[in-house]
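Peer 1: Shown below is the structure under consideration.
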Amino acid sequence: MPIPDYTMELIPGNVCRDDDLTTLYWVRDGQVFYRHYLVRGAHFPTFRFYLGGFAKDQRNCYRQSRKLIGASPSAFRALNFAYAADDRHVWTWWGKAKEADATIFAVCDDGVRHGDGYQLPAGYGKDKNRVFYMDAGKPSWVRQANPEKFVSLKDAHFGKDDSLVFCGRHVLQGVRVDHWTKIGGYYSKDDRRVYYFNRQIRAADHISFEVVPSGDGDLQLARDKCNCYWNDNIIVKDEFLKKVACPTCFENRLECAPTDLHCLTSTVVSLAQAICDDRAFNRMPVLADALEDAGCANQEILGHCRGPGPHVRACWVLARILAES
Numbered sequence: 650m651p652i653p654d655y656t657m658e659l660i661p662g663n664v665c666r667d668d669d670l671t672t673l674y675w676v677r678d679g680q681v682f683y684r685h686y687l688v689r690g691a692h693f694p695t696f697r698f699y700l701g702g703f704a705k706d707q708r709n710c711y712r713q714s715r716k717l718i719g720a721s722p723s724a725f726r727a728l729n730f731a732y733a734a735d736d737r738h739v740w741t742w743w744g745k746a747k748e749a750d751a752t753i754f755a756v757c758d759d760g761v762r763h764g765d766g767y768q769l770p771a772g773y774g775k776d777k778n779r780v781f782y783m784d785a786g787k788p789s790w791v792r793q794a795n796p797e798k799f800v801s802l803k804d805a806h807f808g809k810d811d812s813l814v815f816c817g818r819h820v821l822q823g824v825r826v827d828h829w830t831k832i833g834g835y836y837s838k839d840d841r842r843v844y845y846f847n848r849q850i851r852a853a854d855h856i857s858f859e860v861v862p863s864g865d866g867d868l869q870l871a872r873d874k875c876n877c878y879w880n881d882n883i884i885v886k887d888e889f890l891k892k893v894a895c896p897t898c899f900e901n902r903l904e905c906a907p908t909d910l911h912c913l914t915s916t917v918v919s920l921a922q923a924i925c926d927d928r929a930f931n932r933m934p935v936l937a938d939a940l941e942d943a944g945c946a947n948q949e950i951l952g953h954c955r956g957p958g959p960h961v962r963a964c965w966v967l968a969r970i971l972a973e974s
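Following my numbering, the numbering of the sequence shown begins with 650 at its first residue and continues without gaps.
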């Protein structure tokens with residue numbers, strides 16, 4: 650699905666549908682509405698809006714149905730879903746980002762966190778002196794971040810610079826940046842530790858730790874050679890199996906031996922990483938061929954790769970290859 654252009658100006662139509670961002674501003678009898686709320690004082694002939702809920706006319710600027718007091722319509726524009734700017738201020742859903750320098754402020758991602766049927770403003774932005782993070786609230790200064798080196802991971806949660814990794818405005822304590830990677834959901838790890846959001850899972854074994862698909866896509870599940878996890882909490886196996894997407898299949902491999910290390914050739918590892926990075930799950934049969942060429946005879950692994958799926962980034966085969974490589 651193409652990424653929406655949150656910076657494009659739109660003209661309100663005559664219909665409102667809650668599931669369509671392009672219709673959230675609409676017109677009835679010459680009056681402009683946001684959803685079912687009247688945008689008081691809006692000048693329909695010059696009214697334009699953006700998919701993130703920002704809008705303007707020749708006289709005022711708006712966030713949803715409320716005026717942004719002090720914003721300049723002639724210079725006002727959306728930067729992404731979460732941030733807008735004029736020639737003097739950076740604006741968010743909750744007003745001005747007071748410390749931000751509008752003349753050089755830049756967004757680091759699309760500014761949106763996707764939920765089950767909804768979107769919320771979340772993401773990073775920066776100027777020369779500060780990095781900011783917002784997640785459905787006022788933007789916070791990410792105090793330890795280096796603006797010159799900072800990059801967002803474009804997932805509404807994680808970012809990093811040359812020496813630290815951040816989840817929102819919080820630092821992942823003790824992380825080795827050069828060895829750190831996301832492994833699915835809100836889980837990440839380096840070569841020594843496993844994290845959930847910004848919290849270290851102290852009991853986790855970083856080598857065998859893998860993310861497990863859940864029956865409810867919103868649940869965060871994982872396991873290692875010793876424990877099963879829900880978020881960053883250890884849970885018993887029976888409770889864990891009630892939550893996973895395929896309990897029967899997964900139970901059969903809870904004690905499964907890890908992939909033979911001699912099979913983890915550079916071709917296998919690079920292919921598995923590319924499949925994860927690009928979400929190119931149509932290449933799973935190619936991964937099976939590469940594993941077989943490297944000497945893998947595990948029919949459960951090969952059959953999974955050649956099977957219909959559905960496959961996800963938290964796929965147990967991909968997670969195991971990348972964890973053991």
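Every residue, glycine too, gets a C-beta built ideally from N, C-alpha and C.
Can we count ASP776 as close to the ligand NAP, meaning its CB is less than 6 Å from some heavy atom?
Peer 2: Annotation note on the ligand NAP: not contained in the displayed structure, which lists no ligands.
Peer 1: With DSSP run on the structure shown, which of helix, strand or coil describes PHE730?
Peer 2: Within the sequence shown, the letter at position 81 stands for residue 730. Looking at PHE730 - three-state DSSP - the assignment turns out to be coil, as it is neither helix nor strand.
Peer 1: Looking only at its own chain, which residues have a Cβ that is under 8 Å from the Cβ of ARG932, when we skip the five neighbours before and after it?
Peer 2: Working through the sequence shown from its first residue, we reach residue 932 at position 283. Once the five neighbours on either side are set aside, the close Cβ partners of ARG932 are LEU920, ALA923 and ILE924.
Peer 1: Keeping to the same chain, check which residues put their C-beta closer than 6 Å to that of ALA853; ignore five residues upstream and five downstream.
Peer 2: Counting from 1 along the sequence shown, the entry for residue 853 is found at position 204. VAL843 and ASP873, listed in sequence order.
Peer 1: Less than 7 Å between the C-beta atoms of ALA733 and GLY772, yes or no?
Peer 2: Your numbering for residue 733 matches position 84 in the sequence shown. Your numbering for residue 772 matches position 123 in the sequence shown. Cβ distance not < 7 Å, so ALA733 and GLY772 don't count as in contact.
Peer 1: What does a CB cutoff of less than 8 Å around LYS831 pick up in its chain, not counting 5 residues either side in sequence?
Peer 2: Stepping through the sequence shown from its first residue, residue 831 is reached at position 182. The answer, listed in chain order, is LEU802, ASP804, PHE807 and SER837.
Peer 1: Quick one: measure Cβ to Cβ for CYS954 and LEU936, integer angstroms, because I've assumed they're closer than 8 Å.
Peer 2: Translated into the one-based positions of the sequence shown, residue 954 becomes position 305. Translated into the one-based positions of the sequence shown, residue 936 becomes position 287. Yes, CYS954 and LEU936 are in contact; Cβ-Cβ is about 5 Å, under 8 Å.
Peer 1: Under 7 Å, do VAL800 and ARG818 count as touching if we go by C-beta distance?
Peer 2: The residue you call residue 800 lines up with position 151 of the sequence shown. The residue you call residue 818 lines up with position 169 of the sequence shown. Not a contact, by the Cβ cut-off of 7 Å.
Peer 1: As a quick exercise: from ALA749, PRO770, TYR674 and GLY944, pick the residue whose alpha carbon is nearest that of GLN713.
Peer 2: Working through the sequence shown from its first residue, we reach residue 713 at position 64. Measuring from the Cα of GLN713, the nearest candidate turns out to be TYR674.
Peer 1: Go ahead and pull the three-state DSSP assignment for MET933.
Peer 2: Counted from its first residue, the sequence shown places residue 933 at position 284. The answer is helix: DSSP assigns MET933 an H, G or I state.
Peer 1: Could you give the distance in angstroms between the alpha-carbon of HIS692 and the alpha-carbon of ALA749?
Peer 2: As a first step, residue 692 is located in the sequence shown; it is residue number 43 there, counting from the start. As a first step, residue 749 is located in the sequence shown; it is residue number 100 there, counting from the start. Their backbone Cα atoms lie some 29 Å apart in a straight line.
Peer 1: Quickly, what does DSSP pair TYR835 with across the bridge? List them, please.
Peer 2: Translated into the one-based positions of the sequence shown, residue 835 becomes position 186. Per DSSP, none; premise fails for TYR835.
Peer 1: Quick one: what does DSSP say GLY702 is sitting in, helix, strand or coil?
Peer 2: Position 53 of the sequence shown, counted from the first residue, corresponds to residue 702. The DSSP-derived three-state label of GLY702 is coil.
Peer 1: Looking at VAL826: is its Cβ nearer than 7 Å to the Cβ of LYS798?
Peer 2: The residue labelled residue 826 in the question sits at position 177 within the sequence shown. The residue labelled residue 798 in the question sits at position 149 within the sequence shown. Their beta carbons are not under 7 Å apart, which means VAL826 does not touch LYS798 by this criterion.
Peer 1: How far does the alpha helix (DSSP H) with ALA923 in it extend, from its first residue to its last?
Peer 2: As a position in the sequence shown, residue 923 is number 274, starting the count at 1. ALA923 -> alpha helix (DSSP H) spans 915-927.
Peer 1: Let me check one thing: in DSSP terms, what residues is GLY744 bridge-paired to?
Peer 2: Here residue 744 is taken as the residue at index 95 of the sequence shown, counted from 1. According to DSSP, which records beta bridges pairwise, GLY744 is partnered with THR741.
Peer 1: Does the Cβ-Cβ distance between LEU700 and CYS710 come in under 7 Å?
Peer 2: Taking the first residue of the sequence shown as 1, we reach residue 700 at position 51. Taking the first residue of the sequence shown as 1, we reach residue 710 at position 61. No; because the gap between Cβ atoms is not below 7 Å, this pair is not in contact.
Peer 1: State the CB to CB distance for the pair GLY764 and ASN729, rounded to an integer number of angstroms; the pair is presumed to be in contact (CB under 8 Å).
Peer 2: In the sequence shown, counting from the first residue as 1, residue 764 sits at position 115. In the sequence shown, counting from the first residue as 1, residue 729 sits at position 80. Not confirmed; about 17 Å, so no contact.
Peer 1: Identify, in the order they occur along the chain, each residue of the same chain with its Cβ nearer than 7 Å to the Cβ of LEU951, setting aside the five sequence neighbours on each side.
Peer 2: Here residue 951 is taken as the residue at index 302 of the sequence shown, counted from 1. Contacts found: ALA937, LEU940, GLU941 and CYS945.
Peer 1: What is the residue span of the alpha helix (DSSP H) that PHE889 lies within?
Peer 2: Along the sequence shown, one-based indexing puts residue 889 at 240. Segment 886-892, the alpha helix (DSSP H) holding PHE889.
Peer 1: Just tell me which of ILE883, ARG969 and GLN793 has its CA closest to the CA of VAL918.
Peer 2: Along the sequence shown, read from residue 1 onward, the residue named residue 918 stands at position 269. For the residues ILE883, ARG969 and GLN793, the minimum Cα distance to VAL918 belongs to ARG969.
Peer 1: If you draw a straight line from the C-alpha of GLN707 to the C-alpha of ASP758, how long is it?
Peer 2: The count along the sequence shown starts at 1 and reaches residue 707 at position 58. The count along the sequence shown starts at 1 and reaches residue 758 at position 109. Near 29 Å, if we compare the C-alpha coordinates of ASP758 and GLN707.
Peer 1: Which residues does DSSP list as the beta-bridge partners of ASP784?
Peer 2: Taking the sequence shown and counting its residues from 1, the one referred to as residue 784 is at position 135. Its beta-bridge partners are ALA771.
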